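Asker: For the protein sequence lines, the chains are L and R, in the order given.
Going letter by letter, the first sequence gives residues 20 to 369 in the numbering used here.
Going letter by letter, the second sequence gives residues 20 to 369 in the numbering used here.
Glycine included, C-beta positions come from ideal geometry on N, C-alpha and C.
The structure displayed is predicted, hence computed values, not measured ones.
Handing you a structure now.
2 protein chains.
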Amino acid sequence: MSLDDRKKVILQAIVDDYVTTCEPVGSKALIDRHNFTLSSATLRNEMADLEKLGYIEKPHTSAGRIPSDKGYREYVDSLMHIDTISNAEKKDIESRIATGVGEVTDLLKNATNTLSTKTGYVSLAMTPVLKKSYLTQLKLLMIEPGKALVVVVLSAGVVKDKLVRIPNFLTDVQVNEISRAVEKQLSGMPLDEITLITVASSVKNTSIPDSFLNQVLYEAYTAIKQADKLDVYLEGKNRILSIPEFNDVGRAKGLLDTLSDDGMVAGYVNELGTEEISEGDDSYMIRIGQEIALEGLEDCSFITTTYKVGDKISGNIGIIGPKRMEYSKVISQINFVRKTLNDEIKKING
Amino acid sequence: MSLDDRKKVILQAIVDDYVTTCEPVGSKALIDRHNFTLSSATLRNEMADLEKLGYIEKPHTSAGRIPSDKGYREYVDSLMHIDTISNAEKKDIESRIATGVGEVTDLLKNATNTLSTKTGYVSLAMTPVLKKSYLTQLKLLMIEPGKALVVVVLSAGVVKDKLVRIPNFLTDVQVNEISRAVEKQLSGMPLDEITLITVASSVKNTSIPDSFLNQVLYEAYTAIKQADKLDVYLEGKNRILSIPEFNDVGRAKGLLDTLSDDGMVAGYVNELGTEEISEGDDSYMIRIGQEIALEGLEDCSFITTTYKVGDKISGNIGIIGPKRMEYSKVISQINFVRKTLNDEIKKING
DNA sequence: TGTTGGCACTCGGATGTTTTGAGTGCTAAT
DNA sequence: ATTAGCACTCAAAACATCCGAGTGCCAACA
């Protein structure tokens, strides 16, 4: 017994109905809402089959059916047709993303914000994976005696900085000297090849005592390594509380607690990101329910896609919502956000 | 009829009990837990009086009493005695705050984090009020053709920066020239005296065409103004979901929605901050329930205190919790965090 | 006059019972 | 293979009951 066409149509209808009503759907209700040329009895038989095959399940004996993870999977893989997105909405998304932008991270913030508002779910974006990028500039900027700003510029156009302490008596001129020497040595070097040793060995023959020099270089090193860190933008966490599935404070807290651990989310998404995403214009990845290996997300789906910074560097952007989600709509939105984001990044990085 | 000593003791007992049990307290229970030399009947009379006076109220006819806002107010103003804080806890707080610190904002983040963990409530801190401070440095740093980093250093030791777009053909040397000119003109100037005009008029007689120069200066100006912005650090929002009062998703959402509007919270706290806080070592401000003019915080209390950066500049730090809160404990913690924060800031700004 | 034991009363919350109705599976007829 | 029909299930809603911590008030007492 496998999924014949009729079963597919029925499964599709069940998912569609459940998504909109959030209530288990029964044979009668299904007949009412769609004009099947079927009796409810036949439908029941088919539904019993679908259940045996694992595509739908019953919360309890005398209730309707809800899609299982496998059912959703079948749905997103081969049943749904992706929405088109109206021109008005396109305009809206474009203007939201392009507003008040100075650098790539601004775009990411805007994009997550937009996604969250548009979908009504939690959205997230990660900064580009910088490991694959290299250092283009490093500047030490004297702020006042004992304090300097390390400015790190990476190939992806990402700029990070860090305020560090330096020996009190170092002069403006000396700091400049170090700055130039380090930059000369390191610029162009891939980030993961930069070690404390390469940094330390970059400056030689200066008037500055070694021990102090090393202190400065160490700070420069940590600043570089810190720039390497993945940042996560999560938007719209509060919206979780509006989702019926999370009407229970306990559940909501479970989910929110997990989400508030940026590192954990980042790690997970990053891992996913290494999996293959086909290279089309409309490519995305979906993780449904138990497929998500994060505590508290058992009733959620995770839809991510990738954006690009230049040729090789990419990052992830996507949303987290309930399994019971209007996939077709959300996916169309994500795809358009991704497209806009890519375009805008190109504009910035010219 | 006013609050005689016995009534005060009773009110105190009611608040204490209610805070720990989260259940309306009745005459019998009160007698059981405290060894009053009173019968429950007398107690009932006294409680009826306290109710008439508005210090306590009944959720419904046949229930015990809970403190009213006025009751809490009386409690915090004259009934409670502030906890002392153990040495172990002091050490803990000190180490949490002083760990991994580079600049003042790091301290603030650590401090809010500490406060939230220690109290179990939401904690918040605001960056120093910068209006009273002045500009000490302004640097334009060429990143690549068309892009520059504006670094703004303020008297409070606060460093902010912003990546801006500049005309493509401007050279490193030209950017430096502008940078020096602007800094020379503006450094030492109070932030609120800096206007687009003062910035624009700071550079004269250069080789750069006016229209392009103006573009750069405009970006510098917005960067300065942006540095002027108050930042709010809010920590531990999730903890709200663990508070019995907010076991209801609707309420929790109301509160969280308000809190997620940083600007609104900042505005409110800032307004409060202008009110007088006495200058003792242990000074704090409490707003209880309806006294808080923010939607969704009707069942909350707001405890804030101020920290200092140098002589004149100060910022706020505090917590938001349920009205039903162990005030004495929380206040002692806030005070110690404040003290530690002040000490550490002095260390940094030396 | 303030205190106290006593008592009738209240009412939210817990517990138990009944009803309802949408849903199911199965069977026999088409 | 499809379908009408029927007996059965069970969560949720509606209704009923009970319990007890709590109250206010009164009359008696120090």
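Give a yes or no on whether the minimum CB-CB distance between Arg-386/L and chain R is below 9 Å.
Answerer: The shown model of chain L, from 20 to 369, leaves out residue 386/L, and the question about it has no answer.
Asker: Run through chain R and tell me which residues come within less than 8 Å of Asn-257/L, C-beta to C-beta.
Answerer: Ordered by position in chain R, the residues that pass the 8 Å Cβ test against Asn-257/L are Lys-272, Leu-275, Asp-276 and Ser-279.
Asker: Starting from Leu-143/R and walking both ways along the alpha helix (DSSP H), at which residues does that stretch end?
Answerer: No alpha helix (DSSP H) contains Leu-143/R, which is instead part of the beta strand (DSSP E) from 141-145.
Asker: So, is Cys-319/R buried or exposed, given that buried needs 16 or more other C-beta atoms within 10 angstroms?
Answerer: With 16 or more Cβ atoms within 10 Å of its Cβ, Cys-319/R is classed as buried.
Asker: Who are the neighbours of Lys-128/L on chain R, taking C-beta pairs under 7 Å?
Answerer: Residues of chain R passing the Cβ test: none, with the nearest at roughly 13 Å.
Asker: Decide yes or no for the touch test of the region 57-64 of chain L against the region 74-91 of chain L: beta carbon pairs closer than 8 Å, at least 3 of them.
Answerer: Cβ pair count under 8 Å is below three, so no.
Asker: For Ala-67/R, is the classification buried or exposed, using 16 other Cβ atoms within 10 angstroms of its Cβ as the cut-off for buried?
Answerer: Ala-67/R is exposed by the Cβ-count criterion.
Asker: When the Cβ atoms of the region 235-244 of chain R are set against those of the region 169-186 of chain R, are three or more pairs found closer than 8 Å?
Answerer: Because the criterion of three Cβ pairs below 8 Å is met, the region 235-244 of chain R and the region 169-186 of chain R touch.
Asker: Give a yes or no on whether 9 Å exceeds the smallest Cβ distance from Thr-155/R to chain L.
Answerer: Thr-155/R counts as touching chain L.
Asker: Where does the unbroken beta strand (DSSP E) through Phe-321/L begin, and where does it stop?
Answerer: 319-328 is the extent of the beta strand (DSSP E) around Phe-321/L.
Asker: Counting pairs of Cβ atoms below 8 Å between the region 216-226 of chain L and the region 135-145 of chain L, do you hit three or more?
Answerer: No, the region 216-226 of chain L is not in contact with the region 135-145 of chain L.
Asker: By the 10 Å Cβ neighbour count, where 16 or more other Cβ atoms means buried, how is Thr-56/R classified, buried or exposed?
Answerer: Counting Cβ neighbours within 10 Å, Thr-56/R comes out exposed, since fewer than 16 surround it.
Asker: According to DSSP, Gln-156/L sits in a beta bridge with which residue or residues?
Answerer: DSSP, once it has assigned bridges, lists Val-172/L as partnering Gln-156/L.
Asker: Grab the span of the beta strand (DSSP E) containing Arg-258/L for me, first residue to last.
Answerer: No beta strand (DSSP E) contains Arg-258/L, which DSSP labels as neither H nor E.
Asker: Buried or exposed for Arg-84/R, going by 16 or more other Cβ atoms inside 10 Å?
Answerer: Classification for Arg-84/R: buried.
Asker: Unbroken alpha helix (DSSP H) runs of length 4 or more, entirely within the region 85-131 of chain L: which are they?
Answerer: List check, alpha helix (DSSP H) in window: 88-93 and 106-117.
Asker: Specify the secondary structure class of Met-20/R as computed by DSSP and reduced to three states.
Answerer: Model confidence at Met-20/R stands at a pLDDT of 48, short of 50, so the residue's coordinates are unreliable and nothing is read from them.
Asker: Does any residue of chain R bring its CB to less than 9 Å from the CB of Ile-162/L?
Answerer: Yes, contact with chain R.
Asker: Less than 9 Å between the beta carbons of Glu-310/L and Asp-88/L, yes or no?
Answerer: Yes. Within cutoff.
Asker: With DSSP run on the structure shown, which of helix, strand or coil describes Asn-289/R?
Answerer: Three-state DSSP puts Asn-289/R in a helix.
Asker: Taking a cut of 8 Å between CB atoms, which residues from the region 120-148 of chain L lie near chain R?
Answerer: Against chain R - using a Cβ distance shorter than 8 Å - the residues of the region 120-148 of chain L are Gly-121 and Glu-122.
Asker: Where does Val-251/R fall in DSSP's three states?
Answerer: Of the three classes helix, strand and coil, the one that applies to Val-251/R here is strand, per DSSP.
Asker: Can you pull the chain L neighbours of Val-170/R, defined as C-beta to C-beta under 7 Å?
Answerer: Ordered by position in chain L, the residues that pass the 7 Å Cβ test against Val-170/R are Leu-160 and Leu-168.
Asker: DSSP three-state label for Ile-311/R, please.
Answerer: Ile-311/R falls in the coil class under three-state DSSP.
Asker: Could you give the first and the last residue of the continuous beta strand (DSSP E) run that contains Asp-180/R?
Answerer: It spans 178-184 - the beta strand (DSSP E) in which Asp-180/R sits, taken as one unbroken run.
Asker: Show which residues of chain L have a CB atom less than 7 Å away from the CB atom of Val-268/R.
Answerer: Per Cβ cutoff of 7 Å: Leu-260, Asn-266, Val-268 and Ala-271.
Asker: Given this structure, state the Cα-to-Cα distance separating Phe-231/L from Gly-337/R, to the nearest angstrom.
Answerer: C-alpha separation (whole angstroms): 39 Å.
Asker: At a CB-CB cut-off below 8 Å, which residues of chain L make contact with Lys-181/R?
Answerer: Within chain L, the residues near Lys-181/R are Gly-121.
Asker: Using three-state DSSP, classify Asn-266/L as helix, strand or coil.
Answerer: Note: Asn-266/L maps to coil in three-state DSSP.
Asker: Going by alpha carbons, who is nearest to Pro-340/L out of Asp-23/L, Lys-137/L and Val-328/L?
Answerer: The amino acid at residue 340/L is misidentified as Pro; the sequence shows Gly. Of Asp-23/L, Lys-137/L and Val-328/L, the residue nearest in Cα terms is Lys-137/L.
Asker: Any contact between the region 166-176 of chain R and the region 241-261 of chain R? By contact I mean 3 or more CB pairs, one from each, below 8 Å.
Answerer: As far as the Cβ criterion goes, the region 166-176 of chain R touches the region 241-261 of chain R, which means the pair count is three or higher.
Asker: Going by alpha carbons, who is nearest to Gly-273/L out of Asn-289/L, Tyr-287/L and Lys-256/L?
Answerer: Of Asn-289/L, Tyr-287/L and Lys-256/L, the residue nearest in Cα terms is Lys-256/L.
Asker: With burial defined as no fewer than 16 other Cβ atoms inside 10 Å of the residue's Cβ, what is the status of Phe-188/R: buried or exposed?
Answerer: Counting Cβ neighbours within 10 Å, Phe-188/R comes out exposed, since fewer than 16 surround it.
Asker: Can you check whether the C-beta of Gly-315/R is within less than 9 Å of a C-beta belonging to chain L?
Answerer: No, no contact with chain L.
Asker: So which residues on chain L does Val-178/R lean against when the C-beta distance must stay under 9 Å?
Answerer: Ile-162, Lys-166, Leu-168, Asp-180 and Leu-182, listed in chain order.
Asker: Considering only C-alpha positions, which residue in the set Arg-343/R, Glu-163/R and Asn-361/R is nearest to Ile-332/R?
Answerer: Ile-332/R has its Cα closest to that of Asn-361/R, out of Arg-343/R, Glu-163/R and Asn-361/R.
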